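So the structure is just underneath, and the comments pick up after that.
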């Protein structure tokens, strides 16, 4: 799910909105020339994309997103094609997991929808439903991922001369291929075999970084998503109803802001035995909503006084329409800016937690890789410190660049008049 | 020179002196009686609208005129109950729309009135439209809500509405966004939006204040034309006496939360009774006289948090100062206003005059109007419509229909 959002942000920042409007235009114009309506959103997206910083940021995020989606095809110990004893097989496909497949399907669905502007909303819905109902269960049925994975077997077979032909992914090491069959595989410096070297377990570092991008992105998006939903709900209530609701809401925010976020996360992860990435996301999300709530409250307080909201009330529109159609839409664009910064900070928090050893045990993340640079107390291994650190830094930096560009594009004071 | 309204003659003047003895042929569309609005502030309760009464008849244009902060906008907003409920509240009075008291309706019932029976247009066309939706979407929203038609039909109605307010190529412009339009265009869109559901009453809260003069004239012209075509009433809130002279049938002058004078537009401009109205007319520049400096009313509008005692106009009133010079010192009090000290009549400073019918179809609230003490206290009600003055271009004989439509060319 998170990657779908990532893809939507990277490729088609405005995927769904123009559809219906375009449809309507065409229906009314009966095919004659359609004036290009210079949508505020489209203009903002254009302004964002033309900024140099945002381009650099988006490029890096696209790379990370591509890593996340295509991780098994970029770094994998299983050969893509294997000819052994005269028969061809594809161990890579056989060993794809459910999450791999869901990610790939989501990616292709989003790409099809973003590329195919001609789809009506109904057709888009149909495509999404079709993917969900037909393709996902089918893939689940077809792929029966073996639970016991032995990576060494390929190298053993090759050594025994059983393999006639084998095509590997660009990085022929899975993140948890610990190279137990290779002597002194641990803490190797970068070489032609291991582009960024190996970690304390002897696993390929680059492969780990690529596979860990999934965790980074999903933590960023899901925890920020949770925070935004709660924040918008609470902030909207406070800003619209003012009075007692506002008073109570602000006190609630102050209580939440008084809790130190990291300490709470330590406590929760320490108390709960079973480490789960979702728990992490939830806690980061539940502690991060106050900023959005404050922000939206302020926006609503100004919006409710604005003439077009008054005009909507005077036109007899029900409260639901005024809240969602007139106020929330106008407040969402600035929220979007905060969200990009929020994703960056969530990724950072996750890295901090996993660096301190409070993350997942059997799946590496950028933070836990960074932790391995300590090499069990035997000094610092520079390569392991630099590369995961660089991944964290670049991703957070990219989000901030994009956020800044979006803010500039949405700020009417900085906008050039058309 | 007297400021005279542009209409030449009064053809229909059926003022009702007393409702009980002479039943009006038609009931008022809107009747505001003794409306008092209070606001809770941290300096105590203030009353920006105090005991305001007036009525609007079908097809009539009633103007409420006054300086900024006199309560005219609050009056307009409270008719549609748009006053934010804390801190604002209705302290007393009724707002009858075709006999229904709007102040007692539920919020749901009120939504049926807003936009459908009473529509409102606002002062700032630049901010009155939602920037993220095309104007068509915004007009259609209200139409589908109140008329229950399909989206396609609503678009057709919206196109028609845009055509009616004089927007060229509505089929194309309906898909444009507010930022693609000029201020005048946006105000036209606002009018189209307000009138798309054919309301019986349009409240226009300073509809032309933010526009430049030529556009002002166009917009007012448009409002007049649409009013003629649809027979709706307009409650015009303005501070521009020129706008009043051009458009209103009946005028209420507001000062410091009260209506101080109420009359037909001709009567008011010919024979202003209240010193404040007189002051307003004096402070309009005239082309015929060569004055060095424009006359002003001394002092400023009082703060609603501390209105003066007695007649709220007495610290600024030239009439009471003149009168104070001619009476015994016992009947005089000293007042300090706008940095100067002078004497006013004691009665003016202590007794608040109510709105009385001081002449035929003329109400005023000033103790120094000659007939004031003899006049009855009645609710201002004027079924007056100004005469239509057709414009004939270059002496060419207009077609027979042109005169009766009443449209200026």
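Chains as they are written, first to last, in my numbering: chain G, 2 to 419; chain U, -9 to 399. The beta carbon of each residue, even a glycine, is placed where N, CA and C say it ideally should be. Source: prediction; values computed, not measured.
### Task
Hey, could you find the ends of the alpha helix (DSSP H) residue 158 of chain G is sitting in?
153 to 161
### Query
Span of the beta strand (DSSP E) holding residue 165 of chain G?
164 to 168
### Query
Which two residues bound the contiguous beta strand (DSSP E) that contains residue 350 of chain G?
First-last for residue 350 of chain G: 330 to 356, but that is the alpha helix (DSSP H), not the beta strand (DSSP E).
### Task
Could you tell me if residue 302 of chain U is buried or exposed, where buried requires 16 or more neighbouring beta carbons within 10 angstroms of its beta carbon?
buried
### Message
Given a cut-off of 7 angstroms on the beta-carbon distance, is the pair residue 186 of chain G and residue 203 of chain G in contact?
### Response
yes
### Query
Between residue 249 of chain U and residue 345 of chain U, which are expected to be in contact by the criterion C-beta below 8 angstroms, what is the C-beta distance as a whole number of angstroms?
About 6 angstroms separates the two Cβ atoms, so the contact holds.
### Message
If the criterion is Cβ atoms closer than 7 angstroms, does the pair residue 189 of chain G and residue 201 of chain G meet it?
### Response
no
### Task
Name the residue from U:319, U:300 and U:246 whose alpha carbon lies nearest to the alpha carbon of residue 291 of chain U.
Of the candidates U:319, U:300 and U:246, the one whose C-alpha sits nearest the C-alpha of residue 291 of chain U is U:246.
### Message
Suppose you measure from the CA of residue 67 of chain U to the CA of residue 50 of chain U; what does that come to, to the nearest Å?
### Response
19 angstroms
### Message
List, in chain order, every chain G residue whose beta-carbon is nearer than 8 angstroms to that of residue 29 of chain U.
### Response
None at all; the shortest Cβ gap to chain G is about 15 angstroms.
### Query
Which value, in whole angstroms, describes the spacing of the CA atoms of residue 371 of chain G and residue 255 of chain G?
Each residue's alpha carbon lies about 34 angstroms from the other.
### Query
What's the call for residue 109 of chain U, buried or exposed, on a 16-neighbour Cβ count within 10 Å?
By the neighbour-count rule (16 or more Cβ atoms within 10 Å), residue 109 of chain U is buried.
### Query
Nearest chain G C-beta to residue 112 of chain U closer than 7 angstroms, yes or no?
yes
### Query
Since residue 209 of chain U contacts residue 232 of chain U with CB under 8 angstroms, what's their CB separation in whole angstroms?
The pair is not a contact, with the Cβ atoms about 13 angstroms apart (cut-off 8 angstroms).
### Message
Quick check: is the beta carbon of residue 308 of chain G nearer than 7 angstroms to any beta carbon in chain U?
### Response
Closer than 7 angstroms: yes.
### residue 280 of chain G - containing alpha helix (DSSP H), residue span
Element bounds for residue 280 of chain G: 278 to 288.
### Query
Does the beta-carbon of residue 126 of chain G have 16 or more other beta-carbons within 10 angstroms, so that it is buried, or is it exposed?
exposed
### Proximal chain U residues relative to residue 324 of chain G, where beta-carbon distance stays under 7 angstroms
Going along chain U, no residue has its Cβ under 7 angstroms from residue 324 of chain G, so there is no contact; the nearest lies around 13 angstroms.
### Query
In its own chain, which residues sit with a C-beta less than 6 angstroms from the C-beta of residue 286 of chain G, not counting the 5 before and 5 after it?
224, 227 and 228
### Query
DSSP state of residue 87 of chain U, grouped into three classes?
strand
### Query
Would you report the Cα separation of residue 85 of chain G and residue 164 of chain G, rounded to the nearest angstrom?
When rounded, the distance between both Cα atoms is 5 angstroms.
### Message
Between the alpha carbons of residue 258 of chain G and residue 53 of chain U, how many angstroms are there, rounded?
### Response
53 angstroms
### Query
What residues from chain U crowd round residue 302 of chain G, counting only those whose CB sits closer than 7 angstroms?
By Cβ distance, chain U contributes nothing, its closest Cβ being about 12 angstroms from residue 302 of chain G, past 7 angstroms.
### Query
Interface residues of chain G around residue 268 of chain U at Cβ under 8 angstroms?
Among the residues of chain G, none has a CB under 8 angstroms from the CB of residue 268 of chain U; the nearest is roughly 34 angstroms distant.
### Query
Which runs of the alpha helix (DSSP H), 4 residues or longer, sit entirely within the segment 77 to 106 of chain G?
92 to 95
### Query
Quick one: is residue 105 of chain U near chain G, going by C-beta distance under 7 angstroms?
Using beta-carbon distances, residue 105 of chain U counts as an interface residue toward chain G, with a partner under 7 angstroms.
### Task
Would you mind giving the Cβ-Cβ distance between residue 293 of chain G and residue 260 of chain G, rounded to the nearest angstrom? I have them listed as a contact below 8 angstroms.
That pair is no contact at about 16 angstroms.
#### Entry: Reduced DSSP secondary structure (H/G/I, E/B, other) of residue 70 of chain U
coil
### Query
How many angstroms separate the CA atom of residue 315 of chain U from the CA atom of residue 270 of chain U?
23 angstroms
### Reference residue 84 of chain U, options U:41, U:299, U:62 and U:101, closest by Cα
U:41
### Short Cβ contact (7 angstroms threshold) for residue 343 of chain G with residue 298 of chain G
no
### Query
Does any C-beta atom of chain G lie closer than 7 angstroms to the C-beta of residue 23 of chain U?
no
### Query
Is residue 132 of chain U close to chain G, meaning its C-beta is less than 7 angstroms from at least one C-beta of that chain?
With respect to chain G, the C-beta atom of residue 132 of chain U has a partner C-beta closer than 7 angstroms.
### Message
For residue 367 of chain G and residue 82 of chain G, I'd like the C-alpha separation in whole angstroms.
### Response
Rounded to whole angstroms, residue 367 of chain G to residue 82 of chain G spans 30 angstroms at the Cα level.
### Query
How many Å lie between residue 45 of chain G and residue 304 of chain G at the Cα?
20 angstroms
### Query
Residues of chain G with CB under 7 angstroms from residue 76 of chain U, in chain order?
244
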